[in-house]
Amino acid sequence: MTEVPLGAEQPFRLSMLVYDRRYRSMTFQVIVFILVMALGWWLVNNTIRNLAALGKDFNFGFLFQRAGYDIPQRLIPYSSDDTHLRATIVGLLNTILISFMGCIAATILGVAIGIARLSNNWLFARLMAIYVEVFRNIPLLLWILIIYAIFTDVLPPPNAYRGDDPQWSMIFFDQVALTNRYTAVPAFGMSNDPGTIDLGARITVNLALIAFLVVIIGGWIARRAILARAQAIQDRTGHRPVTWWINLAVMTVPSVLLIWYFGLHLLAPELKGFNFSGGNNLNNALVVLWLALTLYTGAFIAEIVRGGVLAVSKGQTEAAFALGLRPKATMNLVILPQALRVIIPPLISQYLNLTKNSSLAIAVGYMDLRGTLGGTTQNQTGRELESIVLMMLIYLALSLIISAGMNAFNRSVRLKER
Amino acid sequence: MSNPNHGPDAYLREEMLPEMPPPPRETGMVKWLHENLFSGPVNAGLTVLGLLIVWFLFDHFYPWFAHSVWNASSLPECRKIIAETWGEGAGGACFAVIRERWNQYIYGFYPPGLYWRPTLVFGLLFVALAPILFSISRNIRRIVLLTAAIVTVLSLVALNTPPIWLGVAVAIFAVALLVAERRQMWLLGFSAFYPLLGVWLIWGGSFWWIIMILAGMGFGSLAFIIAGRLSPLLAGSSAIVVTLLVWVFLSGDAAKDAENLYSLAIARVDSEAIGGFLLAITIGVAGITMSLPLGIVLALARRSDMFLVSSLAVIFIEFIRGVPLITLLFVAQLLLNYFLPPGTSFDIVLRVIIMVTLFAAAYMAEVIRGGLAALPTGQYEAADALGLDYWKAQRLIVLPQALKISIPGIVSTFIGMFKDTTLVAFVGLYEPLKNISDAVRANIEWKGIYWEPFIFVGAIFFIICFSMSRYSMYLERRLQRDNR
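Protein chains in written order, with our numbering: chain A, 1 to 418; chain B, 1001 to 1484.
Okay, structure coming up:
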């Protein structure tokens, strides 16, 4: 009888590549690697041959040629004489603008509706439930087309606002005028304009904007410092100094001073001749897309918020009440922190969805990244391979940046476990 | 009457008092109203706001719906009828466009003589789904199958189906109804065959292709059995290789020769002709059926211990989830010709289905990964302790539980994917929402009709998506195995 000592080295046999668990995963990975490489080589080879057959090359030089088309809605100066690269950046900024506006509005709407669905009011809760179900179960494209049709078909031309007894009147305290060509909203005016600073590449930023940003960020940092100091005093002495009015002052007084110093005021749009002027005339494509994305994503966010609040068990509220916390403190200290942990991860994916869904701008002709780089530029230069690959990479980068930022926020509110 | 033991008790009540009615505030309608609508000033304000919203919607839309016209051949005629019936200036819906263009909305530009083919495919979908979706309750299965059979056969009769096919349809439904009573799992055989049958009936062509595809699979399973005798490891790979070899080198020629010998062909239909809800449902069903298995594979790959496999899965999933579907559709439309060997061009609908499938599979993989992560580690350890190998452990212990956990996510991915089928409008396909409606409006009779098509298409999408989500809630309840 022979004994194989435990742990003795067995001579390597070829079959061990398959039957021995130590080698099997390596074998499998090598096979996968070879297959993936072969597939990649096949695709690249096909692309090279196809490009050669068409007499094309793979070259991003077209980005530096003259674009030759106009973009109605833009955040930085742009004319048709600029390059395709600048057009791409204008498009990207438009994508970011609509996503940013959409995320903020959808969050506000979603939180309001999610909480309204939890209300004791039978009628209101039912109405909100209907809203959520209707918007979640019908494609976004339909909402975009419907709102677009309302804007182009139902709304009047600007001159309907004319006369002593106009057919249409402005809304929101005579500040906003809805027309079938644009939406006139108030602009900011300053009686003491500090001028602009040139960032190069014809991009200018108003100094007042920088001043406001500095003051707001500074106020926020100061608030953090005050709270930290209050906490330190409380830890040392047991008495927490009253900080709310200092905080309030730090957060608001400098901004109010700046508003007074610059003489900031709203310029309401006024009908002059056939058009509104004095305010900002927002492109209707932007407004329609913004409304549709907000209403659609708001329904999803409402469900997330509702689920998050329901996920905090009733025992938590009761325990907080038993400890003698008031309803407001219970909400702030017990329910909200726990609900946020449930809410934030799906909220991140809704923000990402909204950003990606903003590419449906194609339906209303809003010139976002897809409209510029993946649309007109691609059509004009015939560089579909380069344009679409670049466009996908930019969208990918945008998604990764948003999810990285939001995940960092998620980590900061997550339950600190051992 | 007096108490015999204690003598007369003056303080004892001799009989029950009659029941008093509860205070009016604590009963019936008033109590309900007080609790649910007017419990406080905020609540009362919300009620008023809600009533205002309801009144606003009613006031704006009810007359329009009430004045709807269902029978007219053009928009001006519609308006004339409305003006004649309800007076000048009355607004009214003109749902006659749905009646007039019904076929276009359902079938796109499919040849009218062949409408019975997609109709039959749609009816048989319920037979194919019966063992999967309605396997729990015999009654529901009976109702679904019987309704599908009756509606389909009646529609087929109305659509002038050739008698042979009418017979085939009746036979399939009859057999399915009988089989579903006793051996419902046998219907899974039909479910497996259904995709091939559906593709053949919708696109047409020779049935020999289907036979040859099945023959390839037959040769593959033959190879599986023979090679399995030699070495169990060779079995799987040799089956795949043999199947592929048969398909690539043998099936095409064999199908052509067989077709020449004895024709089994039905009329071919171009992909461009397929549109309307036929297109949306075709893409949706194909995407749903293929994205679930692909998503499972991707989720398992992402959780795999093998570094290369999991990183490839991560790259694929994150890339797909990081870009909008519309860019993937543009890849399908514009770039796929670059990536394939020169001279190959294949069907745009097929390309779109592939892209939609990949897109949904990446989301599905994340949903299922969540389910796998939510499963307690003890379940994995128990599977290991029982000595199950990887695939057995996944198949018997892990996946059934993980998939059950992920049902809500899976179904909402399905719903999202079905809604996303509308995006194929931007690669020039005739989906109902945009391009069919545009085509309808392009005619002089229906120029300028917006709301009615939107409402119609939206209602159908709503019905399908809403029932999917309700079904998932039902399934969740039925599959609940823990303590209730």
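For every residue, glycine included, the Cβ atom is placed at its ideal position computed from N, Cα and C.
Excluding sequence positions up to five before and after SER1135(B), its CB lies within less than 7 angstroms of the CB of GLN1184, all in the same chain and listed in chain order. Under DSSP, TYR1430(B) shares a beta bridge with GLY1275(B).
Along the region 1275-1307 of chain B, going in chain order, the ones with a CB nearer than 8 angstroms to a CB of chain A are ASP1305, MET1306, PHE1307. Contact check for SER359(A) against PRO1400(B) fails: the beta carbons are separated by 8 angstroms or more. In this chain, the beta strand (DSSP E) harbouring ILE197(A) covers 196-198. Contacts with chain A at 8 angstroms (Cβ-Cβ) include SER1039(B).
Comparing C-alpha distances from VAL1097(B) to each of SER1074(B), GLY1089(B), LEU1017(B), ILE1317(B) shows the shortest one belongs to SER1074(B).
In the three-state reduction of the DSSP assignment, PHE276(A) falls in the strand class, which pools E and B. Around the beta carbon of ALA38(A), a 10 Å sphere encloses fewer than 16 other beta carbons of the protein chains shown; the residue is thus reported as exposed. Note: GLY1205(B) is bridge-paired with ILE1266(B) in the DSSP secondary-structure output.
ALA105(A) and TRP290(A) do touch by the CB rule: their CB atoms are close to 7 angstroms apart, below 8 angstroms. Contacts with chain B (Cβ-Cβ distance below 7 angstroms) from the region 24-42 of chain A involve SER25, PHE28, GLN29, VAL32, PHE33, VAL36, listed in chain order. Nearest to ASP70(A) by C-alpha distance, out of ILE48(A), LEU400(A), GLY375(A), SER403(A), is GLY375(A). Only buried fits PHE262(A), as 16 or more other CB atoms lie within 10 angstroms of its CB. Comparing alpha-carbon positions, the option among ALA299(A), ALA322(A), ASP20(A) lying closest to TRP143(A) turns out to be ALA299(A).
LEU1125(B) is the residue among ILE1226(B), LEU1403(B), GLU1035(B), LEU1125(B) whose C-alpha sits nearest the C-alpha of LEU1196(B).
Using a 10 angstroms sphere on the CB of ARG1141(B), the tally of other CB atoms reaches 16 or more, which defines it as buried. DSSP places GLY189(A) in the strand class (E or B) of the three-state scheme. Separation of the CB atoms of THR1357(B) and MET392(A) is rounded to 18 angstroms, and the pair is thereby denied contact status at 8 angstroms. Proximity of PHE1319(B) to chain A, defined by a Cβ-Cβ separation below 8 angstroms, is satisfied.
Close to chain B, meaning a Cβ-Cβ distance shorter than 9 angstroms, are the following residues of the region 356-384 of chain A: LYS356, ASN357, SER358, SER359, LEU360, ILE362, ALA363, ARG370, GLY374, GLN378, GLU384.
Close to CYS1465(B), with beta-carbon spacing below 8 angstroms, are these residues of chain A in chain order: ARG136, ASN137, ILE138.
One alpha carbon belongs to ALA149(A), the other to ILE1436(B), and they sit about 16 angstroms apart. At a cut-off of 8 angstroms between beta carbons, ASN121(A) contacts chain B. Under DSSP, no beta-bridge partner is assigned to HIS239(A). Residue range 336-357 is occupied by the alpha helix (DSSP H) that includes LEU340(A). Restricting attention to LEU373(A), SER399(A), TYR161(A), ASN407(A), the CA atom closest to the CA of THR88(A) is found in LEU373(A).
For the region 109-133 of chain A, the beta-carbon criterion of a distance under 7 angstroms to any beta-carbon of chain B is satisfied by SER119, ASN120, ASN121, TRP122, LEU123, PHE124, LEU127, GLU133. The alpha-carbon of ALA1066(B) is positioned some 7 angstroms away from that of GLY1092(B).
In this structure the region 360-371 of chain A does not lie against the region 341-352 of chain A, because fewer than three pairs of beta carbons, one per stretch, are closer than 8 angstroms. DSSP, read as helix, strand or coil, puts ASN407(A) in helix. Shown here, THR83(A) sits in a strand according to DSSP, grouped into three states.
In this structure PHE28(A) is in contact with MET1306(B), their Cβ atoms being roughly 7 angstroms apart against a cut-off of 8 angstroms.
Under the 8 angstroms criterion on CB atoms, THR83(A) is classed as non-interfacial with respect to chain B. Close partners of ILE388(A) in chain B (Cβ separation under 7 angstroms): THR1327, PHE1330, VAL1331, LEU1334, LEU1335.
Listed in chain order, the positions of the region 1373-1387 of chain B with a beta carbon within less than 9 angstroms of a beta carbon of chain A would be empty, since no residue qualifies.
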